[in-house]
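Working notes for the structure below.
Residue numbers (our numbering): -8 to 356.
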């Protein structure tokens, strides 16, 4: 039986949950699938997670839109001969148009989240263009119920929308009873309360709110530490905003181990699709403080496995963190609940099978 060839079109393959999700789909693919990654600009850091024989194409697109680039992309797609073209997010809309120019009608478009160019998904130009190209798409995928509602009610797409949660490898991300041993290896005192955040250093992640909350807490709880894991365009600005006790660790390949040495995970984003890093923190046995935006409430049950706060609420973030600093029993209880939820409801196997069902359905339509 011939394999179903899926070409994934993304702006790049840099740092991010979407890129990590694509790599997971490819790494755990069934034998009857073949995957190609087509980057409109360039590949990037997350390509290290792909199987070594994955075909990755870079087109080095310049900023802006141009008909010649669409024609170039269409030619590349004709050469690749995909059974399925899977475009993603705003940056992948070019791929929808190019696929149709290449006479490919088996197009799946996925929505994973927003950026600061359109933080709530309501930019009129982007909504209108998404609506105009929706007849060219065979089926949509998205990562949260919140995003599915947005596609149906705001964008008003007329095609089927399949919501698929991100999956997490619970063998890689899991609790570790030797938390203090990990800290010793990192030079962190055993009894220090350690907060962590993992994300791209991007304005939509709103690190400044966390930094302000941390700075206020340091006055009453001097031993606190905050580990900032990840890199991105905001790094220099954030380093200027940081204070004593905040440590920038950059992009790391040992995130799973770093999570295991934390007491608490915090993600203060202005919006989210479904956060891989929240799932990784949950699987690692950590309670989560997150903003009440996007798909976060679908992962964090307030008072069960974490605390939800309003976006931009510095005092709310500080109060939530302090509740875990002063109550070790709550920290342990919420961390245990989150770990159980991650294992039961967010498996890699379920995610990959769901995407492959979409591909088979569209390929055979």
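Heads up, the beta-carbon is just placed ideally off N, CA and C, and yes, glycines get one too. Note that the structure is a prediction, hence the values are computed from the model and not measured.
With 16 as the cutoff for other CB atoms within 10 Å, does residue -6 come out buried or exposed? Here the question's residue -6 lines up with position 3 in the chain shown. Looking at its Cβ environment, which holds fewer than 16 other Cβ atoms inside 10 Å, residue -6 is exposed.
Pair within 7 Å by beta-carbon distance, residue 131 and residue 143: Position 140 of the chain shown holds residue 131. Position 152 of the chain shown holds residue 143. No, the Cβ-Cβ distance between residue 131 and residue 143 is not below 7 Å.
Could you say if the segment 28 to 40 and the segment 0 to 8 meet the contact criterion of at least three C-beta pairs nearer than 8 Å? yes
Threshold first: 4 residues or longer. Then list the alpha helix (DSSP H) segments lying entirely within the segment 10 to 39, N to C. none
Have a look at 290, 284, 315 and flag the residue whose alpha-carbon is nearest the alpha-carbon of residue 300. Numbered from 1 along the chain shown, position 309 holds the residue referred to as residue 300. The residue with the shortest Cα to Cα distance from residue 300 is 284.
Three-state secondary structure (DSSP) at residue 100? On the chain shown, position 109 is the one that residue 100 refers to. Residue state, collapsed to three classes: strand.
Same chain, Cβ closer than 8 Å to residue 267, five either side skipped, listed in chain order: By one-based count along the chain shown, residue 267 stands at place 276. If we look at residue 267 and ignore the five residues flanking it on each side, its Cβ neighbours are 8, 11, 12, 157, 159.
According to DSSP, what are the bridge partners of residue 252? For the purposes of this step, residue 252 is taken as residue 261 along the chain shown, with counting starting at 1. The partner list for residue 252 (beta bridge, DSSP) is empty, contrary to what the question assumes.
Does the beta-carbon distance from residue 117 to residue 109 come in below 7 Å? The residue you call residue 117 lines up with position 126 of the chain shown. The residue you call residue 109 lines up with position 118 of the chain shown. Yes, the pair counts as a contact, with Cβ atoms nearer than the cut-off.
For residue 99, which option in 350, 339, 355 has the closest C-alpha, if you only look at C-alpha atoms? Locating residue 99 in the chain shown gives position 108, where the first residue counts as 1. Per the Cα distances, 350.
Name the two residues that bound the continuous beta strand (DSSP E) containing residue 68. Sequence index remark: in the chain shown, residue 68 carries index 77 (1-based). Looking at the DSSP string, residue 68 is not in any beta strand (DSSP E); the run it does join, the alpha helix (DSSP H), is 58 to 71.
Since residue -2 sits in a beta bridge, which residues does DSSP pair it with? As a first step, residue -2 must be located in the chain shown, where it is residue number 7. Answer by DSSP bridge pairing, in chain order: 27, 76.
Between which two residues does the beta strand (DSSP E) holding residue 152 run? On the chain shown, position 161 is the one that residue 152 refers to. Where residue 152 is concerned, the enclosing beta strand (DSSP E) stretches over 152 to 154.
Would you mind giving the Cβ-Cβ distance between residue 186 and residue 248, rounded to the nearest angstrom? I have them listed as a contact below 8 Å. Here the question's residue 186 lines up with position 195 in the chain shown. Here the question's residue 248 lines up with position 257 in the chain shown. Not confirmed; about 17 Å, so no contact.
Where does residue 162 fall in DSSP's three states? Within the chain shown, numbered from 1, the residue matching residue 162 stands at position 171. Here residue 162 sits in coil by DSSP.
Measure from the alpha carbon of residue 256 to the alpha carbon of each residue in 224, 213, 198, then state which is nearest. The count along the chain shown starts at 1 and reaches residue 256 at position 265. Here the closest residue by C-alpha is 198.
Classification of residue 111 by the beta-carbon crowding that lies within 10 angstroms, buried from 16 upward: Position 120 of the chain shown, counting from 1, holds the residue named residue 111. Looking at its Cβ environment, which holds fewer than 16 other Cβ atoms inside 10 Å, residue 111 is exposed.
Assigned secondary structure, residue 290 (DSSP; H/G/I helix, E/B strand, else coil): Here residue 290 is taken as the residue at index 299 of the chain shown, counted from 1. Correct three-state label for residue 290: helix.
What is the rounded straight-line gap between the Cα of residue 67 and the Cα of residue 240? Counting from one through the chain shown, the residue named residue 67 turns up at place 76. Counting from one through the chain shown, the residue named residue 240 turns up at place 249. Residue 67 and residue 240: Cα-Cα distance of roughly 38 Å.
Residue 162 versus residue 275: straight-line alpha-carbon distance, rounded: Within the chain shown, residue 162 is the residue found at index 171, counting from 1. Within the chain shown, residue 275 is the residue found at index 284, counting from 1. Rounded to the nearest angstrom, the two C-alpha atoms are 10 Å apart.
Exposed or buried, what is residue 85 when buried is set at 16 or more other beta-carbons lying within 10 Å of its beta-carbon? In the chain shown, residue 85 corresponds to position 94, counting from 1. So residue 85 counts as buried.
Jot down the residue ranges of each uninterrupted beta strand (DSSP E) in the segment 185 to 269, minimum 3 residues, whole runs only, in chain order. 185 to 189, 216 to 220, 237 to 241, 255 to 258
Run through DSSP, which three-state label would residue 338 get? By one-based count along the chain shown, residue 338 stands at place 347. Residue 338 falls in the strand class under three-state DSSP.
Given residue 81 as reference, the closest of 279, 55, 121 once Cα atoms are compared: As a working note, residue 81 is residue 90 in the chain shown. Closest by alpha carbon: 121.
When 236, 222, 14 are compared against residue 180, the one with the closest alpha-carbon: One-based indexing of the chain shown puts residue 180 at position 189. For residue 180, the nearest C-alpha among the options comes from 236.
Here's a check: name, in chain order, each residue in its chain whose Cβ is nearer than 6 Å to the Cβ of residue 291, leaving out the five neighbours to either side. Taking the first residue of the chain shown as 1, we reach residue 291 at position 300. Once the five neighbours on either side are set aside, the close Cβ partners of residue 291 are 279, 281, 297, 299.
Backbone secondary structure at residue 271 - three-state DSSP: For this step, residue 271 is matched to residue 280 along the chain shown. Of the three classes helix, strand and coil, the one that applies to residue 271 here is helix, per DSSP.
Proximal residues to residue 90 (C-beta, below 7 Å), its chain only, five neighbours per side dropped: Counting from one through the chain shown, the residue named residue 90 turns up at place 99. Excluding sequence neighbours, residue 90 sits near 68, 76, 98.
Please identify the residue among 258, 342, 344 whose C-alpha is closest to the C-alpha of residue 357. With the chain represented from -8 up to 356, any question about residue 357 goes unanswered, as that position is not in the structure.
Classify residue 57: buried if its beta carbon has 16 or more other beta carbons within 10 angstroms, exposed otherwise. Residue 57 sits at position 66 when you count from the first residue of the chain shown. The residue is exposed, with fewer than 16 neighbouring Cβ atoms inside 10 Å.
With burial defined as no fewer than 16 other Cβ atoms inside 10 Å of the residue's Cβ, what is the status of residue 340: buried or exposed? Here residue 340 is taken as the residue at index 349 of the chain shown, counted from 1. Exposed: under 16 other Cβ atoms inside 10 Å.
Here's the rule: buried if 16 or more other CB atoms are within 10 angstroms of the residue's CB, otherwise exposed. What is residue 151? Here residue 151 refers to the residue found at position 160 of the chain shown. It counts as exposed.
DSSP three-state label for residue 281, please. Your numbering for residue 281 matches position 290 in the chain shown. If DSSP states are grouped into helix, strand and coil, residue 281 belongs with the strands.
Nearest by alpha-carbon distance to residue 347: which of 170, 95, 176, 153 is it? Here residue 347 refers to the residue found at position 356 of the chain shown. If we check each option's Cα against that of residue 347, 153 comes out closest.
Have a look at 190, 209, 134 and flag the residue whose alpha-carbon is nearest the alpha-carbon of residue 226. Locating residue 226 in the chain shown gives position 235, where the first residue counts as 1. The option with the nearest alpha carbon to residue 226 is 190.
Sub-7 Å separation of residue 125 and residue 289 beta-carbons: One-based indexing of the chain shown puts residue 125 at position 134. One-based indexing of the chain shown puts residue 289 at position 298. Not a contact, by the Cβ cut-off of 7 Å.
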